[in-house]
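So the sequence shown is numbered by our numbering: it starts at 2 and just counts up by one.
All C-beta atoms, glycine included, are put in the ideal place defined by N, C-alpha and C.
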Amino acid sequence: MTRLQQISAVLGLCLLLAFSATAAELSAQVDRRQVALDETLRLTLRLDQRSVSSPPDFSVLEADFDILNQGRSTQLRIVNGRSEAWTTWELVLAPKREGAVTIPAFDVDGARSDPITLQVDQSAPADAKGKAEYYVELEVDKERLYPQEQLLVRIRLLSAVPLGDLRGTPLEIENARVVPLGEQQYQKTQGALDYRVYQLDYAVFPEVSGTLEIPPQRFTAVKNPSRSLFDRGRGRQVRMATRARRLEVKPLPPGAERARWLPASRLEFSQEFSAEGDGYRVGEPLTRTLTLTVDGQPASLLPSLTLPPLQGARRYPEAPENSSREHRDGITATQRLRVSVVPGQPGTLELPPLELAWWDTTADRARVARVPARTIEVLPAAVSQSTPVVADPALPPAPAAPVPAQAPVESPQGTHWLLWSNLAWALISAGLAVLWWRARRRSPAGATGPAPAAGPLAGSRPAESRAFETLREACRGGDPGAIRQALLDWAPLRFELNGAATLEAIGRQTQEGALIEQLRLLDRALFHPQAAQGLNPDQLLSALQRLREQKPGPSSTQTDLLPPLYPQSGSAVN
């Protein structure tokens, strides 16, 4: 294979990988997964590209559905220089039979959607409502529930005649939290009338046990409104309202604690670790990511994950990331917690298991979610300095690098040119030296003395003052994390630190035992909340103020006089 053929093969492989990485995706979704035989539903297919060579084949739906309407649209959006294009198909379907009905997968330009399973129920019998031109109804998914358990409330307004200027009030329930889930529209045949249905979905979370009352929901509309600009006569205004509903909120089960109470229909608890590569080493952080997914709870009601003590390593948890996703079947909340673990010694590091108690509302029983323990082998720290290369005595010494041979002198003119160029450079250097000497002689008398030692405060006193004022405000607030950050920001502006700014480096600047002790307590308070009780921010600020007023000196002179802030022996700080 020639070199040109090799390059062509590599380019072709790159193009193939790029095409596979950007392959279009095809997604399918419906507005409802449970419908009655006399209702319609909307199917939406979306392909993430504009041009379509082979449209989807919707004839596969005709066995179980009647296609009442079908439309296609193509859109292009450009945000911050990034373009996004997609093609959408929307269909209005009417089921032909009862039971479990599956919408099959579709194939479009190599992309494939997932199948969707629906539940088609029997049509409701025609009653007095089925003969009315319009009415409103309220439906709940359960009659008895626990505090903080999710309750789904659906309000439907059905109209067989045109209604305009429809107005209503949002759902509000006393002693409960109400979260809107969205609205939808569809058609339904009941009796001899075809209704247009407007549905509103809510998730309700009762806060106390007892009776939960859903007040009547009232709506106003205009029946048969006029669409003519010259006809000021309006249709007749109508009013509709639901009946009040009362539900039972049961007390907590025996032994359940309010602070740790977590009712849900489904809960998943998992963990992930950062890639090991060539293994975990002492001083190098590894990341443990804990993910909690709960169906039937908003993110604001999720409990904080409790981490057990850890031996042989330091632990740095980040702020948890909470998110909620509202859909027609309720709310799904996710909490993600990342914890950086820095091993302090080689050997075996045991990451203990984690457990979370919750209440299964579907089975009405207590459960415990658990992530298993993890055993990690920690290697010694990598050697920072390079290892000197020792020559093998059995081998002859390597020959010296060849010195390029000078070009042969072809004529005396080449030698003269080299001589004159060297002489010119010597004269230029001598002239620059004379100019420098004369400039020194012209400097003011006060400038001839010894120059002040360059230090961190040279030209930065305003910045140091602002940094110390920030440190003062952090001490007044009492937050250990804020105090540590402000202290690390101020120290490099005040002292000449050997290396990075750390609490240990700041401790080397003083021999005052009170300041050293407060720095130790500050370090422990960052990882042990109970240790924050011994931290005195006012005492720490006073000691730092005294240290600030002292004349700065080299920190290396105090290195051997103070005990280290982080001792090398003993267990690591958790």
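8 angstroms Cβ shell around residue i - same chain, five flanking residues per side excluded
i: Thr170; result: Gln218 and Arg219
i: Thr212; result: Arg247, Leu248, Glu249 and Val250
i: Leu472; result: Ile484, Ala487, Leu488, Asp490, Trp491, Leu542 and Leu545
i: Glu184; result: Tyr199, Gln200, Leu201 and Asp202
Close Cβ partners of residue i (< 6 angstroms) along its chain, the five nearest in sequence each way excluded
i: Pro538; result: Cys476 and Gly479
i: Leu194; result: Ala161
i: Leu44; result: Val31, Leu92 and Leu94
i: Val154; result: Val141, Tyr203 and Val205
i: Gly297; result: Gln151, Ala265, Ser266 and Gly331
i: Asn70; result: Val93
i: Leu338; result: Leu291, Leu306 and Pro321
i: Glu273; result: Thr290
i: Glu356; result: Val369 and Arg371
i: Ser325; result: Pro299, Ala300, Ile332 and Ala334
i: Asp49; result: Ala25, Glu26 and Trp87
i: Leu1; result: Only positions 2 to 575 of the chain appear in this structure, which leaves residue 1 out of reach.
i: Arg157; result: Glu138, Val198 and Gln200
Minimum C-alpha distance to residue i - residue among the options
i: Arg329; options: Glu26, Arg34 and Ala29; result: Arg34
i: Ala382; options: Asp361, Arg289, Gly348 and Arg368; result: Gly348
i: Arg266; options: Lys251, Val343 and Trp360; result: Per the sequence shown, the amino acid found at residue 266 is Ser instead of Arg. Nearest option by C-alpha distance: Trp360.
i: Ala86; options: Ser466, Val53, Val343 and Leu433; result: Val53
i: Ala320; options: Gly331, Thr307, Leu311 and Ala487; result: Thr307
i: Ala492; options: Val369, Glu99, Leu504 and Asn323; result: Leu504
i: Ala222; options: Gln540, Glu327 and Tyr135; result: Tyr135
i: Leu164; options: Val180, Pro216, Lys189 and Tyr196; result: Tyr196
i: Arg525; options: Ser430, Arg485, Ala506 and Thr292; result: Arg485
i: Met241; options: Leu139, Leu433 and Thr190; result: Leu139
i: Glu99; options: Gln188, Tyr147 and Val36; result: Val36
i: Lys189; options: Gly508, Glu550, Leu357 and Thr41; result: Thr41
i: Thr75; options: Ser60, Arg47, Leu380 and Pro57; result: Arg47
i: Glu378; options: Leu424, Glu351, Ile507 and Leu159; result: Glu351
i: Pro255; options: Leu159, Asp365 and Gly313; result: Asp365
Three-state class that DSSP yields for residue i in the structure shown
i: Gly508; result: helix
i: Ser341; result: strand
i: Asp361; result: strand
i: Gln191; result: strand
i: Ala242; result: strand
i: Pro481; result: helix
i: Leu380; result: strand
i: Gly284; result: coil
i: Gln546; result: helix
i: Thr292; result: strand
i: Ala204; result: strand
i: Ala25; result: coil
i: Thr221; result: strand
i: Arg577; result: With the chain represented from 2 up to 575, any question about residue 577 goes unanswered, as that position is not in the structure.
i: Glu214; result: strand
i: Phe66; result: strand
i: Asp39; result: coil
i: Phe469; result: helix
Residue i classed as buried or exposed, judged by whether at least 16 other C-beta atoms fall within 10 angstroms
i: Trp426; result: exposed
i: Gln510; result: buried
i: Gln200; result: buried
i: Arg233; result: Confidence at Arg233 is low in this model, with a pLDDT of 47, below 50, so the placement of that residue should be treated as unreliable; the coordinate-derived value is given next. Exposed, by the Cβ-count rule.
i: Pro463; result: exposed
i: Leu167; result: exposed
i: Ile79; result: exposed
i: Ile429; result: exposed
i: Gly345; result: buried
i: Gln149; result: buried
i: Thr88; result: buried
Chain-order list of residues whose beta-carbon lies under 7 angstroms from that of residue i (same chain, five-residue window excluded)
i: Gly535; result: Leu522
i: Val102; result: Asp65, Pro96, Leu119 and Val121
i: Pro353; result: Pro309 and Ala374
i: Glu269; result: Thr294
i: Ala106; result: Arg113, Ser114, Asp115 and Pro116
i: Lys132; result: Gly192
i: Val179; result: Leu172, Glu173, Tyr203 and Val205
i: Pro304; result: Arg261 and Leu263
i: Asn176; result: Pro207, Glu208 and Val209
Check: residue i C-beta below 7 angstroms from any heavy atom of the ligand NAD
i: Cys476; result: Here there are no bound small molecules, and the ligand NAD is not part of this structure.
For the region 127-178, list the alpha helix (DSSP H) runs that are entirely contained and at least 4 residues long, ordered along the chain. 129-132
Which parts of the region 297-351 are runs of the alpha helix (DSSP H), unbroken and 4 residues or longer, counting only runs that do not cross its ends? none
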